[in-house]
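A quick write-up on the structure given underneath.
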Amino acid sequence: MSGIRATYSGLISLSIGIVTVLTGLVFSLIITRTLTIEEYGTWSLLLGILMYAIIVEPVISYWATRETARSENSQKTSILAAGIFSSIGMVIFLITSLLVTNESYVNTEIILFGIILVPGMFLYRIAYAINLGWKPHLSSYGFLILEITKIPLALTLVYFFNMGVLGVIITFFISQNISVIFQIYILRERIKGKIQFKYIRKWLKFSWLTLYTPLANTIYKSDILIFVAFSESITGLAIFTVSKVVSGTISISSNLIIPTYAKILAGDKENFLKENLTLMIYFAIPLGLLSITFAKPALFLLNPIYEGVGIIVIIITIKIFFNQLINIFEQYIWGNDKVDVKSEIKSQAFLKSSIFKTPTLRIINYSGYLILLILGLIILKQNSVTDLDYVSYWASISVIIQIPLVVYFGIKVRRELRLSVDVKSLLKYILAGIGVFGISFIITEEFLIYNNSVFEFLPQLLLFMIIPIIFYIIVTYVIDKRIKNLIYVIINEIRKIF
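Residue numbers (the working numbering): 96 to 593.
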C-alpha cells in the first residue's frame, strides 16, 4: 500500500486551487486592465508557442512521476535531464516563433523575448512531476507560490512601470524560478542519490512513446496558432483567452483528483476512485455555474470591452469540464496499466498497452477537430464575419469534438476499474446548484450595480458570488450524507493544524 492519502491530498490541492483562483483573478485584472486587446492577444499567442517548446519535456516527466511513485531513485537524473532537454525546447521555440510571427501581425521581438521562459518551464514541470509521484499536495504548494509571487511583480512591472507584454514575461520568468527553487528545496531528500544514466537510456529508448503520448494535446492546442493564421484576428484570440480566464474556475475541481494517479500507480485500488470522482463533480457543479452565472459581470470586471462575450464563457466552461473528464479517465487508465512494471520492457508491449492506444484515439479525434476548424475559418473569412463569430465557431466545435472521447473513456474506465458513479447524489448536487445559482442570477441581474472602478465593483461582485456558494454547501450538507462527512473531515483537519 502506498503512503499517499488520496482524499486528504486532494482536499489540500482543491483548497490551494481555490486560493489560486483569487490570486489568478488579481493577476488577470492587472494585465487585462493594463494591456490593450492587441497586447493581450500577443501574450495569448506567446503562450501557444511555448506549448511547442515543451513538447519534449514528457520524455522526462512521464517517467519521473511513475518511477517516484514506485520508489525508484531517478529524481536527481530527472532534474539534470530537464536542464539538457530545455536547450532543445529553446530551439523549437525559436523556429516556431519565426514561422508564426512571419504570418501574423504581432511584435516579433516581444515574442522572441519569451524564450527566457523555456528553461524554467522544463524545471518547473519536472519538479512538479516528481512531487506528484511522491507527495501530490507538495506540487500544489509549488503552484501556489508561482501564483502568489506573480501579483507584486505584475503590479510593479506591468501596472506601475507600464512595461506591457514585456513586463508580463519578466513576471512569469521570476515567479516560475522562485517556484522551481522551492520545489527543488522540498525535494532535497529525494535528489541526494547519484545520477544514473540507465534512466536516461531508458527514457530515450522509449522517447517515441512519451513524445507520442502528449502529441494529442499538442495537436489539440495547435488551435491557437491555426486560429491566428487563418482568421488573422489577434482580437479574437484575446476574446477567447479572457473567456477562458472566467471559465477556468471550474478547472480547480480536478485538483481533487491529482493524487489518484500516483495512488493507482503504487498499486492501491480501493473505493477512493468512486469517492474522489463524485466529490470532484460535486465541486465542479457550483464552480461551473459560478462562471456561467457571473460571466457578464466577471468580464466587465476584467475589462468593460469584453462585457458582451458572455456566450463564449458558457461554451468554454462546458469545454473545460469535458476536457477534465477526459484527462481524469485517461489518468485512471494509464495508472492501471502495468506494462512498465518489469525491468525489461519491449516496445511491442507498449504498442499493445493503453498508454499507446488512448493517445492514438485522441490524436485521430483532435486531428478531425483541426480540420473542421480550418474549414470553418476559411468559410467564415469569405463571408467577412466579426471577431465574435470566429470565436463562437471555434469554441463550439472545441466542445462538440470532445463528446465521443468522454463517452468512450468513461465506458473503458467503468469496465477496467469497475468505477461507478453515485447517480442519486449527483442529481441532488445538480438540482441544488441549478436552484441556488438560478435565484442568484435573477438577484444579480436586478441589483448588481456596474461601476468602472475596480475597487468599487469588485467587493460587491465578490459578495454576490460568495453567497450562492455558501447556500449550495448548506443545501447539500442538509440533503446528502457524503457532504456531511466531508465537512466533518475538513473541520477535523483544521483542528489538527491549530
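Where is the CB? At the ideal position from N, CA and C, for every residue including glycine.
Q) How about the segment 134–143 and the segment 568–579: do they share at least three Cβ pairs that are nearer than 8 Å? A) no
Q. Taking C-alpha atoms, which residue in 208, 491, 341 lies nearest to residue 264?
A. Reading the sequence shown from its first residue, position 169 is the one you call residue 264. Nearest C-alpha to residue 264: 208.
Q. Mapping DSSP to helix, strand and coil, what is residue 560?
A. As a working note, residue 560 is residue 465 in the sequence shown. In the structure shown, residue 560 sits in a helix (DSSP, three-state: H, G or I).
Q) For the alpha helix (DSSP H) that contains residue 540, what are its first and last residues? A) Here residue 540 corresponds to residue number 445 of the sequence shown, with the count starting at 1. Start and end: 518–542.
Q.
Please tell me whether residue 174 and residue 286 are closer than 7 Å, where the distance is taken between their beta carbons.
A. Along the sequence shown, read from residue 1 onward, the residue named residue 174 stands at position 79. Along the sequence shown, read from residue 1 onward, the residue named residue 286 stands at position 191. In this structure, residue 286 lies closer than 7 Å to residue 174 by Cβ.
Q: With hydrogens ignored, establish whether the beta-carbon of residue 528 is closer than 6 Å to any heavy atom of the ligand GDP.
A: For the ligand GDP, the structure offers nothing, since it holds no ligand at all.
Q: Assign residue 286 to one of three DSSP states: helix, strand, or coil.
A: Within the sequence shown, the letter at position 191 stands for residue 286. It is coil, neither helix nor strand.
Q: Look at the alpha carbon of residue 161 and the alpha carbon of residue 177, and state the distance between them as a whole number of angstroms.
A: Along the sequence shown, read from residue 1 onward, the residue named residue 161 stands at position 66. Along the sequence shown, read from residue 1 onward, the residue named residue 177 stands at position 82. For residue 161 and residue 177, the distance between alpha carbons rounds to 16 Å.
**Q.** Three-state class that DSSP yields for residue 97 in the structure shown
**A.** The residue given as residue 97 occupies position 2 in the sequence shown. Residue confidence is low: residue 97 scores 48 on pLDDT, short of 50, so the model does not pin down where it sits. Its coordinate-derived value is still stated next. In the structure shown, residue 97 sits in coil (DSSP, three-state: anything other than H, G, I, E or B).
**Q.** Segment contact, 8 Å Cβ cut-off, at least three pairs: the segment 385–401 with the segment 459–471
**A.** no
Q: Assess, as a yes-or-no matter, whether the segment 259–276 is touched by the segment 229–243 under the definition of 3 or more beta carbon pairs within less than 8 Å.
A: yes
(Q) Quick check on DSSP: helix, strand or coil for residue 579? (A) Counted from its first residue, the sequence shown places residue 579 at position 484. Helix, per DSSP.
Q) Which word fits residue 587, buried or exposed, when buried means at least 16 other C-beta atoms lie within 10 angstroms of its C-beta? A) Position 492 of the sequence shown, counted from the start, is the residue given in the question as residue 587. Looking at its Cβ environment, which holds fewer than 16 other Cβ atoms inside 10 Å, residue 587 is exposed.
Q: Look at the alpha carbon of residue 96 and the alpha carbon of residue 445, and state the distance between them as a whole number of angstroms.
A: Position 1 of the sequence shown, counting from 1, holds the residue named residue 96. Position 350 of the sequence shown, counting from 1, holds the residue named residue 445. Note on residue 96: pLDDT 42, under 50, position unreliable in the model; no value is reported.
Q) Tell me which same chain residues have a C-beta within less than 6 Å of the C-beta of residue 384, skipping the five on either side of it? A) Looking up residue 384 in the sequence shown gives position 289. Cβ neighbours of residue 384 beyond the five flanking positions: 528, 532.
Q: Rounded to whole angstroms, what's the CA-CA distance from residue 399 to residue 338? Just pull it up for me.
A: Translated into the one-based positions of the sequence shown, residue 399 becomes position 304. Translated into the one-based positions of the sequence shown, residue 338 becomes position 243. Spanning the two alpha carbons is a distance of roughly 13 Å.
Q.
For a test of the three-state rule: what should DSSP assign to residue 263, helix, strand or coil?
A. As a position in the sequence shown, residue 263 is number 168, starting the count at 1. Helix at residue 263.
Q. With contact counted as at least three CB pairs below 8 Å, one residue from each stretch, are the segment 409–416 and the segment 486–502 in contact?
A. yes
Q: Thinking residue 268 and residue 262 are a contact (beta carbons under 8 Å), I'd like their distance in whole angstroms, please.
A: Taking the sequence shown and counting its residues from 1, one reaches residue 268 at position 173. Taking the sequence shown and counting its residues from 1, one reaches residue 262 at position 167. Not quite, the Cβ-Cβ distance comes to about 11 Å (not below 8 Å), so this is no contact.
Q) Starting from residue 432 and walking both ways along the alpha helix (DSSP H), at which residues does that stretch end? A) Residue 432 sits at position 337 when you count from the first residue of the sequence shown. Premise fails: residue 432 is in no alpha helix (DSSP H) and is neither H nor E.
Q) At what residue ranges does the segment 269–352 contain a whole run of the alpha helix (DSSP H), taking only runs of 4 or more? A) 292–300, 302–307, 310–316, 318–326, 329–342
Q: Report the option in 504, 146, 456 whose CA atom is closest to the CA atom of residue 216.
A: The residue labelled residue 216 in the question sits at position 121 within the sequence shown. It is 146.
Q) In chain order, what residues of the same chain have a beta carbon less than 6 Å from the beta carbon of residue 288, not counting five sequence neighbours either side? A) For the purposes of this step, residue 288 is taken as residue 193 along the sequence shown, with counting starting at 1. Excluding sequence neighbours, residue 288 sits near 168, 171.
Q: Could you check which residue in 156, 150, 112 has the C-alpha nearest to that of residue 313?
A: The sequence position of residue 313 within the sequence shown is 218, counting from 1. Of the listed residues, the one whose Cα sits closest to residue 313 is 150.
**Q.** For residue 386, the nearest candidate out of 563, 126, 180, 574 (CA to CA)
**A.** The residue labelled residue 386 in the question sits at position 291 within the sequence shown. The shortest Cα separation from residue 386 among 563, 126, 180, 574 belongs to 563.
Q | Supposed contact pair residue 228 and residue 163 - C-beta distance, whole angstroms, cut 8 Å | A | Within the sequence shown, residue 163 is the residue found at index 68, counting from 1. Within the sequence shown, residue 228 is the residue found at index 133, counting from 1. Yes, they are in contact, since the Cβ atoms of residue 163 and residue 228 sit about 3 Å apart, within 8 Å.
Q. Can you tell me whether DSSP reads residue 403 as helix, strand or coil?
A. As a first step, residue 403 is located in the sequence shown; it is residue number 308 there, counting from the start. DSSP places residue 403 in coil when its eight states are reduced to three.
**Q.** Exposure label - residue 460; buried when at least 16 CB within 10 Å
**A.** In the sequence shown, the residue the question calls residue 460 occupies position 365. Label assigned to residue 460: buried.
Q.
I'd like the list of long-range same chain contacts for residue 582, defined as Cβ closer than 7 Å, with 5 residues on each side in sequence excluded.
A. Counted from its first residue, the sequence shown places residue 582 at position 487. For residue 582, where only same-chain residues beyond five positions count, the Cβ hits under 7 Å are 572.
Q. Given that a residue counts as buried once 16 or more other Cβ atoms are within 10 Å of its Cβ, and exposed if not, what is residue 591?
A. For the purposes of this step, residue 591 is taken as the residue at position 496 of the sequence shown. Exposed: under 16 other Cβ atoms inside 10 Å.
Q) Are the beta-carbon atoms belonging to residue 542 and residue 424 less than 7 Å from one another? A) As a position in the sequence shown, residue 542 is number 447, starting the count at 1. As a position in the sequence shown, residue 424 is number 329, starting the count at 1. Result no, Cβ atoms of residue 542 and residue 424 do not sit closer than 7 Å.
Q | Where the alpha helix (DSSP H) containing residue 545 begins and where it ends | A | Here residue 545 corresponds to residue number 450 of the sequence shown, with the count starting at 1. No alpha helix (DSSP H) holds residue 545; DSSP gives it neither H nor E.
Q. Which residues bound the alpha helix (DSSP H) around residue 476?
A. Here residue 476 is taken as the residue at index 381 of the sequence shown, counted from 1. Counting along the chain, the alpha helix (DSSP H) containing residue 476 begins and ends at 449–477.
Q. What's the gap between the Cα of residue 456 and the Cα of residue 538?
A. Counting from 1 along the sequence shown, the entry for residue 456 is found at position 361. Counting from 1 along the sequence shown, the entry for residue 538 is found at position 443. Cα-Cα distance, rounded: 45 Å.
Q) If we ignore side chains and look at the alpha-carbon of each, how far apart do residue 420 and residue 343 end up? A) As a first step, residue 420 is located in the sequence shown; it is residue number 325 there, counting from the start. As a first step, residue 343 is located in the sequence shown; it is residue number 248 there, counting from the start. The alpha-carbon atoms of residue 420 and residue 343 are separated by roughly 14 Å.
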